[in-house]
Amino acid sequence: MSFLSISPANLVLSAFKKAEERDTLILRVFNPTGDAMRGTVTFYQTIKKAWLCNMNEERREELRPNGNALALDVSKKKIMTIELEV
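Numbered by this note's numbering, the letters in the sequence shown go through residues 5 to 90 in order.
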């Protein structure tokens with residue numbers, strides 16, 4: 005079992021680290037393609053809460069995880085920062 009997986013394969017994990025100011029995890033994904041895509045992050049344990057953040061890790065929008073998975077709509081050529089509470 006992997007610590008986390010991301011699909012589709014062309015959605016790139018660019019960072020995975022502890023948050024600077026909270027006891028949560030920060031995940032950054034990048035869509036390098038010219039098309040918007042729907043992706044999924046699957047974590048090794050249940051995701052209690054998730055937020056869309058800016059690059060400074062400031063929460064912008066609460067997301068709705070489904071068990072250990074989180075669906076993401078990522079715009080073309082876009083970096084997305086996600087905060088996870090597990």
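All C-beta atoms, glycine included, are put in the ideal place defined by N, C-alpha and C.
Quick check: residue i and residue j, are their CB atoms within less than 8 Å of each other?
i, j, result
"Ala-75", "Thr-44", "yes"
"Ile-86", "Ser-18", "no"
"Glu-24", "Glu-61", "yes"
"Arg-63", "Trp-55", "yes"
"Val-78", "Val-16", "no"
"Thr-46", "Ser-9", "yes"
Between which two residues does the beta strand (DSSP E) carrying residue i extend?
i, result
"Asp-27", "No beta strand (DSSP E) contains Asp-27, which DSSP labels as neither H nor E."
"Asp-39", "That residue, Asp-39, is in no beta strand (DSSP E); it is neither H nor E in DSSP."
"Leu-15", "No beta strand (DSSP E) holds Leu-15; DSSP gives it neither H nor E."
"Thr-85", "82-89"
"Glu-62", "No beta strand (DSSP E) holds Glu-62; DSSP gives it neither H nor E."
Classify residue i: buried if its beta carbon has 16 or more other beta carbons within 10 angstroms, exposed otherwise.
i, result
"Pro-69", "buried"
"Phe-7", "exposed"
Using the Cα positions of residue i and residue j, report the straight-line distance between them to the nearest angstrom.
i, j, result
"Lys-22", "Lys-80", "26 Å"
"Leu-67", "Lys-53", "7 Å"
Select from the options the residue whose C-alpha is nearest the C-alpha of residue i.
i, options, result
"Phe-20", "Val-78, Gly-38, Glu-65, Met-59", "Met-59"
"Gly-38", "Arg-32, Asn-14, Ile-10", "Asn-14"
"Pro-36", "Ile-30, Pro-12, Glu-65", "Pro-12"
Hey, is residue i's beta-carbon within less than 8 Å of any beta-carbon in chain C?
i, result
"Lys-22", "Of the protein chains in the structure, only one exists, and it is not chain C."
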